[in-house]
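Protein chains: 2
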Amino acid sequence: MRDIYLEDIPLDEARARLLNAANPQPLPGESVPLSEALGRVTAEPIFAAISSPHYHSSAMDGYAVQAQATTGATETRPLRLALGTQAQPVNTGDPLPAGTNAVIMIEDVQQVADDAIEIRAPVVPYQHVRLMGEDMVATELVLPANHRIRPVDLGAMAGCGHAQASVRRRPRVIIIPTGSELIAPTERPAPGQIVEYNSLMLRAQVIESGGAADVTAIVPDDRDRLRTAIQAALAEQPDLLLVLSGSSAGSRDFTASIVRELGELLVHGVAVRPGHPVIIGAIGSVPLIGVPGYPVSAALTGELFVQPLLARWLGLDATVEDQPRTQAITTRKLTSPTGDDDFVRVTLARVGERLLAAPLNRGAGVITSLVRADGLALILRFSEGVDAGQAVEVRLYHSLRTIERTVAVVGSHDPMIDLLAQFLAVRYPGDRLTSAGVGSVGGLVALRRQEAHIAGSHLLDTETGEYNFSYVAKYLPGIAVRLITFAHREQGFYVQPGNPHGVHNFGDLPRVRFVNRQRGAGTRVLLDYELGQRGIAPESIAGYEREENTHLAVAAAVASGMADCGMGVRSGALALGLEFVAIGWERYDLVIPHAHLDHPGVQHVIALLDDAEFRAALGAQPGYDTRETGTIQLDT
Amino acid sequence: MRDIYLEDIPLDEARARLLNAANPQPLPGESVPLSEALGRVTAEPIFAAISSPHYHSSAMDGYAVQAQATTGATETRPLRLALGTQAQPVNTGDPLPAGTNAVIMIEDVQQVADDAIEIRAPVVPYQHVRLMGEDMVATELVLPANHRIRPVDLGAMAGCGHAQASVRRRPRVIIIPTGSELIAPTERPAPGQIVEYNSLMLRAQVIESGGAADVTAIVPDDRDRLRTAIQAALAEQPDLLLVLSGSSAGSRDFTASIVRELGELLVHGVAVRPGHPVIIGAIGSVPLIGVPGYPVSAALTGELFVQPLLARWLGLDATVEDQPRTQAITTRKLTSPTGDDDFVRVTLARVGERLLAAPLNRGAGVITSLVRADGLALILRFSEGVDAGQAVEVRLYHSLRTIERTVAVVGSHDPMIDLLAQFLAVRYPGDRLTSAGVGSVGGLVALRRQEAHIAGSHLLDTETGEYNFSYVAKYLPGIAVRLITFAHREQGFYVQPGNPHGVHNFGDLPRVRFVNRQRGAGTRVLLDYELGQRGIAPESIAGYEREENTHLAVAAAVASGMADCGMGVRSGALALGLEFVAIGWERYDLVIPHAHLDHPGVQHVIALLDDAEFRAALGAQPGYDTRETGTIQLDT
């Protein structure tokens, strides 16, 4: 009965219950030497212990004088001052000698005798004098409490007489990974085993937020052992306990039940995607968060629950809501399952005038969607979602400057676009290339919609035997474009090692379980053309209807035994240790609208196609030929 | 002769010479465990070593089946599947058993016998299946080179089979502080001694930028000893050597001459303020930067020269130019000495619709101007400067969000405004209060110009004996304001301990050297009123014309012996150990235009005036009375 009120709690309510249970007051201070205080947070206001400067000092190299004694000096009637009595030599930083109140720069003085100088203009009191307390006066507030210490703050603290700083103790977090299927990253996983890395991510999030984290050994799915591990962790009096669920319901359920036994279960499931099965509880005074096993859920739980709590303990006011945001135009319709706030990972790029948000894979298991994300778009629960072409608010992971320097490549997926991205990042630091595989036709359509700068395309015109020209004319009518060859690529069949089903040509396909590419992919066009030429009906091929979006996904289907054969470029077979049955070579071009030719990143991409080192690296890949790489095939 | 071409080099040219000499190629990689890789920079692209998932796995708890075998199941005609053969129980993450290609969620199944289940709908192939490589396929690019590693990146690397990462070696910097007048922060300085903290700041800047820094002992102004120290540092083969000049010309000149002797001097003076006497050279293959002694110059040299160089070594493209920027309206005219790029520190606040930039003290010795700065406005060399009310570009040190939450207080300076700032930061994390002392009248004028949210005022109407009302009517005509009392304060004379000149009342002032407050300050109004009442001519008071802008500056002038007497609130005397001769009590009000009453920070300030803890802290200060604190004196 009670569980009904614990499940599917809205995000704000769940966070409120956590903060209420944790009651996160700023932690007490500890004294550290200034050399260790960078990045720590002041626990108390810092008042000046001494003034700075702590005496009136000369601001120049020259002579200290009494200003009143210089009256009447002119160019034509210089005034003579006796050294040692009326004028005293001082260097910058020297205290003003008693009886003086101004400094004359050495350049403005003539030494006329061993014991005398001449000046040609009077000076006003306090000229070239740094007055005591000019920077800080004793007792003055220099830094408030709850301030993250920067390099200049260290200088100011030292300058006003402090050698130590009172900084907030780091909140201490103990992380318990659970799940019998989990192994450490140093081990090689067998089927059914999963590399446990959520603890690595959560620990890093804690450190990034100014906390300290200890990770225990992995606890298998055994209620008693998990209970023992939780009690052992509590004995160390952490500020926060994180129990990282494995992927199965078992480890989640044990956590909730143990929290209920030892303390209070406050939330069991939050209405947010990804991240649903979050558990929140308190055992004694220690708050506990049960973190879901799917990595995207785990990372977002860290951002939404753990990091804001640490910020409170440090006296900082940083929640995920405080990240910089921007408005962007979504390239696809985004909806949210009713009742859940949905955090959609997006990549961002400026194409022409518009800042575009392209949604990434929404699976909670796809950690690369977070790695590749430039930000999170929040689709609110009970909202009707956002249509393609509408504005959506994005919480930024990267600076807008990085995003402005991003080249967006779409279209046919080629693994060597990664190689291009890597060269771009190294050769032009700050430049960035994002790529999305949507097939060759999809890429041209994206260019027409102004959703990308460059499309990769290898579309065979089955009537002329030419690549790409007629498709560009069809899909980009009236748009001036340049077609530059990226590479020639070898196409073929992916089969298991030893080619157990004896696939040698298209006529063999009806005998095997096939995995296909999606409609609009260049490889699909090639397949359909070849089947048509040979009069082979697609319906005769088992698996023809199963579509994958990339060469590697096709290769993965074959490697796992889900299919016996697929079609793609040679590099896909190499990636997964498959055998490759060559069919022939095709030309893969980059299609670039003239409107984007002056984008610096696009220019760098074009320059790389003529770069000897990049061409050598590309040509060294099996299945790639660079004989026409960089050649302009068309410029309309 | 040669020096002519080394002096006053423009900033861009000086930086080009440094980069040319340092030739900063990205440093080689070193392998570290993932647990130590947070924040480091990838030295090589990271490719997936294994696919993730590395097998087809169940995405749900339920039963694995062959999809084709479920055809025909309906609500009315459920299909029975034999357990163990046709349906096999799986947990989330389990590998799909051989012969199955879909998973039915446990919720959608009825167990009808020990060895059988029933389903009421068919399933499609791959339903609730995470396909091998869904996240990453072996050989796929996961992270490019030159990427700063974040928590999610650690997860992705571990997930695709890496336990170590190849990250760029940290650039190693040796810092040599020089100057006979310098002492460590742990020592208490005597007059003429200066606490050396530039090494603390520069080291922190190096660490912040991902480098490692060693600081040597302070080297006195002795050419041979400095030469020995430089050679000893070179023997350790650092990537960069920083020689921090003391304040005198001596230490600067030694550095330049030693660089000339041992290597090549490339720059001796850069046309940038603050920061003029920057030295750049190279000894063998090691670049050397001679950092000016004034702390603001030193910190800016770190930002403009050191940090960009470190970024290059790490393969990152971060220079000070890449910081986020904003446009703001300057509140004062800003000009630059011809020939120098001038970096003016400013505070920022949003007042009404406008984002305002208020310039801070431009002295190179005022480190607090950097501590308090929200950003830098660059006034270009040879430009005509920027008039008050014009837009200026500001490189941001803080997020715009912090700035949006800033309450700008101007007007009469009271040290207890610091106390208010401190309570505000603690009680309302994220709120911030900046204050600028421009005198009571100056504060009212700033309110009229919409340059601040709140003005502090203690202006005595000498005809009515009332405080502030008539001045508000005069300086803020037609503007609805609320006047709330901050505190009553005790005014008096600051004199040296023991009151050696016997100052007891205004009649004693003509006998002593006085230091005054600026025109428009409430204390100045009070002084002029009292002098007029007594028929004392201002000209009869020595030092009447010497004006300081704050109570503490007046107190400092007396404490240092520059003056015998000044006038101010009691707290100023306490700050510097002066004797205080009480004159009487005055009312200090906060003046708040109605237009700013809905600003959340302003509301928090008003709430604090009624906060028992704040009132107690304020009332405990000698010279403050809180009997009317929080009382609304006027609401027009």
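Chains A and B supply the protein sequences, listed in that same order. Counted from 1, the first sequence has number 300 at position 317 by the numbering used here; the numbering is strictly sequential. Counted from 1, the second sequence has number 333 at position 350 by the numbering used here; the numbering is strictly sequential. Ideal Cβ placement from N, Cα and C applies to all residues, glycine included. Small disclaimer: the values here were computed from a predicted structure and weren't measured.
C-beta neighbour in chain A for residue i, strict 8 angstroms
{"i": "B:S18", "result": "yes"}
{"i": "B:Y651", "result": "The shown model of chain B, from -16 to 619, leaves out residue 651 of chain B, and the question about it has no answer."}
{"i": "B:M88", "result": "no"}
{"i": "B:Y38", "result": "yes"}
{"i": "B:Q188", "result": "yes"}
{"i": "B:I102", "result": "no"}
{"i": "B:P105", "result": "no"}
{"i": "B:Q501", "result": "no"}
{"i": "B:D118", "result": "yes"}
{"i": "B:T169", "result": "yes"}
Three-state class that DSSP yields for residue i in the structure shown
{"i": "A:R364", "result": "coil"}
{"i": "B:Y38", "result": "coil"}
{"i": "A:M399", "result": "helix"}
{"i": "A:P221", "result": "coil"}
{"i": "A:M88", "result": "strand"}
{"i": "A:Y72", "result": "Residue 72 of chain A is actually Pro in this sequence, not Tyr. Reduced to three states, the DSSP call for A:P72 is strand."}
{"i": "B:I350", "result": "helix"}
{"i": "A:M119", "result": "strand"}
{"i": "A:H471", "result": "strand"}
{"i": "B:N3", "result": "helix"}
CB contact check: residue i to chain B, cutoff 8 angstroms
{"i": "A:S453", "result": "no"}
{"i": "A:Q51", "result": "no"}
{"i": "A:S395", "result": "no"}
{"i": "A:L343", "result": "no"}
{"i": "A:I350", "result": "yes"}
{"i": "A:M550", "result": "no"}
{"i": "A:D77", "result": "yes"}
{"i": "A:L209", "result": "no"}
{"i": "A:A200", "result": "no"}
Anticipated Cβ contact below 8 angstroms, residue i with residue j, distance rounded
{"i": "A:V464", "j": "A:T619", "result": "6 angstroms"}
{"i": "A:V486", "j": "A:V498", "result": "Not really, about 12 angstroms apart at Cβ, beyond 8 angstroms."}
{"i": "A:E123", "j": "B:L459", "result": "The Cβ separation is near 29 angstroms, so there is no contact."}
{"i": "A:L592", "j": "A:M399", "result": "Not a contact, Cβ separation roughly 12 angstroms."}
{"i": "B:S41", "j": "B:V86", "result": "5 angstroms"}
{"i": "B:G551", "j": "B:T609", "result": "Wrong, their Cβ atoms sit about 20 angstroms apart, outside the cutoff."}
CB of residue i within 8 angstroms of CB of residue j, strictly
{"i": "A:R315", "j": "A:A371", "result": "yes"}
{"i": "A:L297", "j": "A:P9", "result": "yes"}
{"i": "A:T656", "j": "A:A356", "result": "Given a span of -16 to 619 for chain A in the structure shown, any question on residue 656 of chain A remains unanswerable."}
{"i": "A:S192", "j": "A:V279", "result": "no"}
{"i": "A:I437", "j": "A:V508", "result": "no"}
{"i": "B:V274", "j": "B:N181", "result": "yes"}
{"i": "B:I213", "j": "B:I159", "result": "yes"}
{"i": "A:T533", "j": "A:H396", "result": "yes"}
{"i": "B:R496", "j": "B:E530", "result": "no"}
{"i": "A:A56", "j": "A:Q71", "result": "no"}
Next on the checklist: Three or more C-beta pairs under 8 angstroms: does that hold for the stretch 444 to 455 of chain A against the stretch 402 to 421 of chain A?
Outcome noted: no
Checklist entry - Counting pairs of beta carbons, one from the stretch -11 to 6 of chain B and one from the stretch 108 to 124 of chain B, are three or more of them closer than 8 angstroms? => result no
Checklist entry - Contact between the stretch 32 to 52 of chain A and the stretch 164 to 177 of chain A: three or more CB pairs below 8 angstroms? => result no
Next on the checklist: Does the stretch 16 to 26 of chain B come into contact with the stretch 148 to 163 of chain B, if we say contact requires no fewer than three beta-carbon pairs (one atom in each stretch) closer than 8 angstroms?
Outcome noted: Counting C-beta pairs with one atom in each stretch, the stretch 16 to 26 of chain B and the stretch 148 to 163 of chain B have three or more that are closer than 8 angstroms, which means they touch.
Next on the checklist: Tell me whether the stretch 94 to 109 of chain B and the stretch 57 to 65 of chain B touch, counting them as touching only if at least three CB pairs, one residue from each stretch, are closer than 8 angstroms.
Outcome noted: yes
Next on the checklist: Three Cβ pairs or more, each shorter than 8 angstroms: is that satisfied between the stretch 575 to 591 of chain A and the stretch 128 to 142 of chain B?
Outcome noted: They do not touch, by the three-pair rule.
Item to check | Segment contact flag, the stretch 339 to 354 of chain B with the stretch 401 to 409 of chain B, C-beta cutoff 8 angstroms, min 3 pairs | outcome: no
Checklist entry - Taking three-plus beta-carbon pairs below 8 angstroms as touching, is the stretch 256 to 274 of chain A in contact with the stretch 190 to 209 of chain A? => result Flag = no, the stretch 256 to 274 of chain A and the stretch 190 to 209 of chain A do not touch.
Checklist entry - Does the stretch 92 to 101 of chain A come close enough to the stretch 248 to 259 of chain B to have 3 or more Cβ pairs within less than 8 angstroms? => result no
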